[in-house]
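J.:
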Amino acid sequence: MTTWLIRRLIQALFVVLAMSVIVFIGVHVIGNPVDILISPEADQAERARIIAALGLDQPLWKQYLLFVNDALHGNLGRSFVFNEPALLLIAQRMPATMELAVTAVLMSILFGIPLGLYAGLYPEGAVARTIMAGSILGFSLPTFWVGLMLIMVFAVQLGWLPSTGRGTTAELFGIQWSFLTLDGLRHLVLPALNLSLFNISLVLRLTRAGVRETLPMDFVKFARAKGLTPARVIFVHVLKNIMIPVVTVVGLELGSTIAFAVVTESVFAWPGMGKLIIDSINVLDRPVIVAYLMMIVLLFVTINLVVDLLYTVLDPRVRLEAKG
Amino acid sequence: MTTPTLEVRNLRTHFFTRAGVVKAVDDVSFTIASGRVLGLVGESGSGKTVTGFSIIGLVDPPGRIAGGAILYQGQDLAKLPEREMRALRGNRIAMIFQDPMMTLNPVLRIDTQMIEAVQAHAKVSHAEARTRARDALGMVGIPSPDERLQAYPHQFSGGMRQRVAIAIALLHHPDLLIADEPTTALDVTIQAQILAEVQKLAVNYGTALIWITHDLSVIAGLADEIAVMYAGRIVETGAADAVLDRPVHPYTHGLIGSVPSRNRRGEKLRQIPGTTPSLLRLPPGCAFRTRCPRADAACEQEPLPSQPVPERTVRCFHPLVAVAA
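Take a look at the structure:
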């Protein structure tokens, strides 16, 4: 177990390193921030001074080494635009995105598993067919369009729920959260639903497939032959067996949900990281883009690790020492 | 005569598929008394397993019991509501399955799977249920049962898993145990051990045992009575030794003839010509007639059960009585 963990951490380090190179080069290819940041009226001396101040006069490899050196000291650079540490900017926006993403993933579990279970147990019924048809819409409709439709229906026509912003927030651990106030929760519902629709469909279909696959197994029949109640057979024997793919997908989707909350945040004007990254890309604020992408890489690496650890809890046959 | 533990009367279990009605079990009758062993013999697809599932009430759709009665101590299981059936299942009537690698849930520990089985039928504390589980494991010959309770199924060998399954089936000392080819997937030495184990336990608790198998050599030393199934019907029943020594139905005769024997060394192994007919397209009349050396025009009619020799019921127009005599 310890060997496995150390090996995994070394692997993770390489992934982060490789990613940093790719990100760094990629960001330098997409455009020169000098053209956007410096006013066209500035004279040549002024230009040179600003370029030097931003460190853009150095060759790329030197900039990268400087970046790595700073990163090792916990400094991912200062934003060109806000003149604040990039990490601080991201950290300020992170709780909003996290709150949105975690709520969305919780919703996907809360709706996806029961609906999938039902559809798997009664596959021939009209309700199950409706659920399955709905799930196809769930992951084929584009997020931004569904977001707009949700606003149209629930905010504009019915007027039940607000459509923009985080609403009233309350403080917990020094951070502002929406889910702690009723008004904040009302603001959270629509964006979270919008973001989770794809995941609900995914979890639902996965659960259904797992149930269909597990039900005819001998051990299910044997469990019934023991005289157990149907509830125990389904919720203990069947459900525990299908949790592995579900946990994998939910885990990995948590990463993508955070990373791709961009669209939902834009539609619902949710002040999260996604909105920050879009704005930063528009003005080529390199340090913020790089810092954001590095954060996302770290996030994915961490989530993968946690998912692997969860496997051992769920399936005793998985032994982490055995593999590399 | 006392009421037998189980009396199956004209049982019909049919599967209503899109391709047509599959009569997996068609007009099957037998009785079994407490402490006795019935060997239910037949090829794959002859309906033996479905018969077992019908008794314990676990026939899955599109299959269902289409007729007949399953009288357990005089009570018809075929008409019993699911809740009452569940109270009997695993308690008074238990079953063990063919493939021990598949019968235990891979993600639950042995103690979880045994304790839930105890508590499904007995109102006892968790600790008491655990003690009973441990004792049951010890009884089927699993060494250091206390530690093994903590293990997961994949940490056991096939033979050990089948012992665990048997221990679970016997937790409540059932009146009837249905064993569906429980030794087929195991190697021969383990087979013998399991056989001896089940036989001993069945005798100790007066459990009636239905042993489903396609292996005549297994049944020979074990069963008191034998019922031979072919295409959903019982074609011959009688005392085990008598049926094996002097088969009266041509199918039984063929089946016994196709077992390799020392006495016929060097000869070509006899086999029954043809294959088992599809249950979807059974020929009218006797289902065996297309493969039977004795068949004639009479066999196009339905053969009814008859008793050509005492203590023997056969469905055949041309039983091998003359040959046997």
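Same order as they appear, the protein sequences are chains L and E.
Our numbering puts the first residue of the first sequence at 283, with every later residue one more than the last.
Our numbering puts the first residue of the second sequence at 84, with every later residue one more than the last.
Cβ coordinates follow ideal geometry from the N, Cα and C atoms, glycine included.
Given E:Arg374, which residues of its chain have a CB within under 6 Å of its CB, disregarding the five upstream and five downstream residues?
T.: These residues qualify, in order along the chain: Ile355, Pro356 and Gly357.
J.: Excluding five sequence neighbours on each side, which residues of the same chain lie with their C-beta closer than 8 Å to the C-beta of E:Ile249?
T.: Excluding positions up to five away in sequence, the list reads Ile179, Val223, Pro265, Ile277, Glu280, Val281 and Leu284.
J.: For E:Val111, I'd like the list of residues in its chain whose CB is within less than 7 Å of its CB, leaving aside the five on either flank, ordered along the chain.
T.: Contacts found: Val91, Leu94, Thr134, Arg316 and Ile317.
J.: Buried or exposed for E:Lys206, going by 16 or more other Cβ atoms inside 10 Å?
T.: Classification of E:Lys206: exposed, given that the 10 Å Cβ count is below 16.
J.: So the alpha helix (DSSP H) E:Thr272 belongs to, where does it begin and stop?
T.: Looking at the DSSP string, the run of the alpha helix (DSSP H) that includes E:Thr272 is Val271 to Tyr288.
J.: According to DSSP, is L:Met499 part of a helix, a strand, or is it coil?
T.: Coil, per DSSP.
J.: Does E:Lys106 come out as helix, strand or coil in the three-state DSSP assignment?
T.: DSSP places E:Lys106 in strand when its eight states are reduced to three.
J.: Which residues, taken in chain order from the region 155 to 180 of chain E, show a beta carbon closer than 8 Å to some beta carbon of chain L?
T.: So the close ones are Arg169, Ala170, Leu171, Arg172, Gly173, Asn174, Ala177, Met178 and Phe180.
J.: Verify whether the separation of the beta carbon atoms of E:His204 and L:Gly509 is less than 8 Å.
T.: The answer is yes: Cβ separation under 8 Å.
J.: How about E:Gly118 and E:Gly304: are their beta carbons less than 8 Å apart?
T.: Cβ atoms of E:Gly118 and E:Gly304: not closer than 8 Å.
J.: Is there a C-beta anywhere in chain E that falls below 8 Å from the one on L:Pro598?
T.: Closer than 8 Å: yes.
J.: Report all residues from its chain with a CB closer than 8 Å to the CB of E:Leu232; omit the five preceding and five following residues, and keep chain order.
T.: Taken in chain order, the residues that qualify are Arg192, Ile193, Asp194, Met197, Arg213, Ala216, Arg217 and Leu220.
J.: Between the beta-carbon of L:Phe362 and the beta-carbon of L:Leu382, is there less than 8 Å?
T.: In this structure, L:Leu382 does not lie closer than 8 Å to L:Phe362 by Cβ.
J.: Between which residues of its own chain and L:Ile437 is the CB-CB distance below 8 Å, once the five residues before and five after are set aside?
T.: Note that residue 437 of chain L corresponds to Ala in the displayed sequence, not to Ile. Closer than 8 Å at the Cβ level, and outside the excluded window around L:Ala437, lie Leu443, Pro444, Ser445 and Leu472.
J.: Does any CB atom of chain L fall closer than 8 Å to the CB of E:Asp182?
T.: Closer than 8 Å: yes.
J.: How long is the line joining the alpha carbons of L:Val303 and L:Tyr346, rounded to whole angstroms?
T.: Taking the straight line from one Cα to the other gives about 8 Å.
J.: How many angstroms separate the CA atom of E:Gly337 from the CA atom of E:Glu385?
T.: Spanning the two alpha carbons is a distance of roughly 21 Å.
J.: Within the continuous alpha helix (DSSP H) that includes L:Met576, where are the two ends?
T.: It spans Arg568 to Leu596 - the alpha helix (DSSP H) in which L:Met576 sits, taken as one unbroken run.
J.: Should L:Val502 be labelled buried (16 or more other beta-carbon atoms within 10 Å of its own) or exposed?
T.: L:Val502 comes out buried.
J.: Between the region 418 to 432 of chain L and the region 474 to 489 of chain L, do at least 3 Cβ pairs fall closer than 8 Å?
T.: Contact between the region 418 to 432 of chain L and the region 474 to 489 of chain L is present, because at least three Cβ pairs lie under 8 Å.
J.: With 8 Å as the threshold, decide whether the Cβ of L:Asn523 is near any Cβ in chain E.
T.: By this cut-off, L:Asn523 is an interface position.
J.: Buried or exposed: which applies to E:Asp258, given that a residue is buried once 16 or more other Cβ atoms fall within 10 Å of its Cβ?
T.: Label assigned to E:Asp258: buried.
J.: Counting pairs of Cβ atoms below 8 Å between the region 389 to 399 of chain L and the region 546 to 566 of chain L, do you hit three or more?
T.: Flag = no, the region 389 to 399 of chain L and the region 546 to 566 of chain L do not touch.
J.: Determine, for E:Val190, whether the minimum Cβ-Cβ distance to residues of chain L falls below 8 Å.
T.: Yes - at least one Cβ of chain L is within 8 Å of the one on E:Val190.
J.: If contact is defined by three or more beta carbon pairs under 8 Å, each pair taking one atom from either stretch, is the region 532 to 544 of chain L in contact with the region 575 to 584 of chain L?
T.: Yes: the two stretches touch, three or more of their Cβ pairs being nearer than 8 Å.
J.: Which of the three DSSP states is assigned to E:Asp159 in this structure?
T.: Strand, per DSSP.
J.: Can you give, in chain order, each stretch of the beta strand (DSSP E) that sits fully within the region 292 to 316 of chain E and has at least 3 residues?
T.: Within the region 292 to 316 of chain E, the complete beta strand (DSSP E) runs of at least 3 residues are 308 to 313.
J.: Taking the straight line between their C-alpha atoms, what separation do you get for E:Met84 and E:His97?
T.: Only weak support is given to the placement of E:Met84: the predicted model assigns it a pLDDT of 49, under 50, and the question is left unresolved by the model.
J.: Which of the three DSSP states is assigned to E:Gly337 in this structure?
T.: DSSP places E:Gly337 in helix when its eight states are reduced to three.
J.: Just verifying my parser: in three-state terms, what is the DSSP assignment at E:Ala408?
T.: Confidence in E:Ala408 is poor, its pLDDT being 40 and thus under 50, which makes the residue's placement unreliable; the coordinate value appears in the next sentence. E:Ala408 falls in the coil class under three-state DSSP.
J.: If you draw a straight line from the C-alpha of E:Pro402 to the C-alpha of L:Leu596, how long is it?
T.: The alpha-carbon atoms of E:Pro402 and L:Leu596 are separated by roughly 59 Å.
J.: Skipping 5 residues on each side, what residues in its chain have a beta carbon closer than 6 Å to that of E:Val104?
T.: Once the five neighbours on either side are set aside, the close Cβ partners of E:Val104 are His97.
J.: In chain order, what residues of the same chain lie with their CB nearer than 6 Å to the CB of E:Arg175, ignoring the 5 residues before and after it?
T.: Pro257 and Asp258, listed in sequence order.
J.: Is it right to say L:Phe306 is buried, meaning 16 or more other beta carbons lie within 10 angstroms of its own, or is it exposed?
T.: Buried, because 16 or more other Cβ atoms sit within 10 Å of the Cβ of L:Phe306.
J.: Return the first residue and the last residue of the alpha helix (DSSP H) that E:Ala203 is part of.
T.: Here E:Ala203 belongs to no alpha helix (DSSP H), and DSSP marks it neither H nor E.
J.: So what does DSSP say about L:Trp442, is it helix, strand or coil?
T.: The answer is coil: DSSP assigns L:Trp442 none of H, G, I, E or B.
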